[in-house]
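In the numbering used here, the protein residues as written are 10 to 619.
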């Protein structure tokens, strides 16, 4: 029974890692190739420019409410680069400790943001991350706020081509920007934009009615992105349109899903937010949490370029003659830093804003694990060291369970001769053989499935840590020691060029290149796993022996493409497990067969050669 159980465990783990390989590496590779082909197909098309006369396709959430203005596109005379697109409209600079950019006076859009604290690569001289870009640039991505009217209304409201008058030279955390626009028909529009030291903008739109008639207007806000962006393509990570919409809860809609389905519309929502997210960055509009609104995720192909839009339309406001009415909303545009995002949720009472970070289904494990890592990091100053410390703490938390499991395994090794005798005695009667084994287990107080527990304990922690390393920006470009400059990326070295001694890049080999990136830390992990397996007596069945011998090799190649931090965790966890299991075996008077098993391998090889 024990031998069969071990074989089934080995086969199960092998299948799990093969499925994991396909899930985390094979499928994402295919998805990235698909996206690259789609991006290449779009590359020959001109970049979009704004056209106020067209709206993004899709019916509004409420039949009686007007559609939110959408960004259509027309082809410019020639494609523009980002600097040229910025120069096509008058602008007011944005200058904060975290952001640089500008507000376009044409349309009053926030469409130019650069993240000053983040760069594209680990190289400190690489360009800063560009988050928002104007219409007409290669990758338009912007936020727009304003008012729209019901069908049949003659009121003139500002649109994408409206040029506002600025009341300041720059937008800073200490100096809000006030924009004004007179429609010439008795309505004065005033927009006040403020920003904090991080990534939150507050936008207050006011309308003063100097005409003789009451006017009804609908406040709206939107985030629009033109063209299909490059994504990571991993199924455990959501990239695309996202939002929390009141009782409807979390909405995560990928770009591919937007291609296949009609616009996603939600009516009479109270509380929440919506926008577009990347792996580490996002732009979301946040309505007043006490105001009812309609929300919509939509896509279209104006100007032959696909556009994605997340927008909300708030309840209508009627402005009587001589009165002034306002509407407030917010824009988050920046890096998804856990502490900052959580702080905004608490400060502004934004419904579940922390779900902007993709903690996944195991939210209750993933986020606490990150908070523990981050707290230790604040003390030691290195996320890699924090991972090692958390691993020790987790070992301590699960020590009673693991201790009981290893003790049971040690007892099974102690009675191995009796188990062998029972198998020989009842070789032709499997029923009596199993009954005798169960009596032996009961007599010696052995749990035959206890050996599964250490493996089962590691699985949720493994996936939670993988998620933390993969989705949190705090882990991005976080160094360890030596050659590991980014714990969220795979080990950059490979044994196939002697870890950089040979000036050759194995990843350039067609088809096989990805499999040749076998770094130092994956090899260390493989060795620790091999040692852990050799700590146990070799199974008598040749098939089982082959499976256990191949498992460390399979894991080594599989984990070579995972985040270095995860591989470091696995290697360190294996090392601690070896020490713990050896100590328990010694305590229970069971011989540690590590060196015997290793010597046995070489003796078999020598015998086979002879």
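Ideal placement from N, C-alpha and C gives every residue a C-beta, glycine not left out.
Judging by CA-CA distance, which residue of 263, 215, 301 and 428 is the nearest neighbour of residue 238? 263
According to the Cβ coordinates, are residue 295 and residue 339 closer than 8 Å? yes
From residue 281 to residue 349, what distance separates their C-alpha atoms? 17 Å
Give me whichever residues DSSP pairs with residue 318 in a beta bridge. 233 and 307
Candidates 504, 594 and 448: closest to residue 422 by CA position: 594
Backbone secondary structure at residue 526 - three-state DSSP: Reduced to three states, the DSSP call for residue 526 is coil.
Counterpart residues of residue 262 in DSSP-defined beta bridges: 250
Does the pairing of the region 169-179 with the region 105-121 give three or more beta-carbon distances under 8 Å? yes
Would you kindly work out how many angstroms separate the C-alpha atoms of residue 258 and residue 275, rounded to a whole number? 11 Å
According to DSSP, what are the bridge partners of residue 150? Residue 150 is bridged to 142 and 234.
Are the CB atoms of residue 390 and residue 574 nearer to each other than 8 Å? Not a contact, by the Cβ cut-off of 8 Å.
Unbroken alpha helix (DSSP H) run spanning residue 484, endpoints: Note, residue 484: premise wrong, no alpha helix (DSSP H); not H, not E.
The ligand SAH heavy atoms versus the CB of residue 557: any closer than 7 Å? This structure does not include the ligand SAH; it has no bound ligands of any sort.
Judging by CA-CA distance, which residue of 319, 577, 477 and 130 is the nearest neighbour of residue 150? 319
Just how far apart, CA to CA, sit residue 15 and residue 279? At residue 15 the pLDDT is 47, less than 50, meaning the model places this residue with poor confidence and gives no usable figure here.
Contact check, residue 260 vs residue 249 under 8 Å by CB: the rounded distance? The Cβ separation is near 10 Å, so there is no contact.
Where does residue 449 fall in DSSP's three states? helix
Quick check on residue 114: does DSSP put it in helix, strand or coil? coil
For residue 32, which of helix, strand or coil comes out of DSSP? Low confidence applies to residue 32: its pLDDT is 48, below 50, so where it sits in the model is not reliable enough to give any reading.
Within the same chain, show all residues whose beta-carbon is closer than 7 Å to that of residue 289, passing over the 5 residues directly before and after it, in chain order. 344, 345, 482 and 485
Verify whether the separation of the beta carbon atoms of residue 192 and residue 328 is less than 8 Å. Contact: no.
Between the C-alpha atoms of residue 342 and residue 500, what's the straight-line distance to the nearest angstrom? 31 Å
Residue 310, buried or exposed, once every other Cβ within 10 Å from all chains shown has been counted against 16: exposed
Mind checking whether residue 435 and residue 445 have CB atoms under 8 Å apart? Yes.
What did DSSP end up calling residue 244 once you bin it into helix, strand or coil? Note: residue 244 maps to coil in three-state DSSP.
With distances taken between CB atoms, is the gap from residue 477 to residue 379 smaller than 8 Å? yes
Between residue 465 and chain B, is there a C-beta pair that is closer than 8 Å? Among the chains of the structure shown, chain B does not appear; only one protein chain is present.
Cα separation between residue 240 and residue 246? 10 Å
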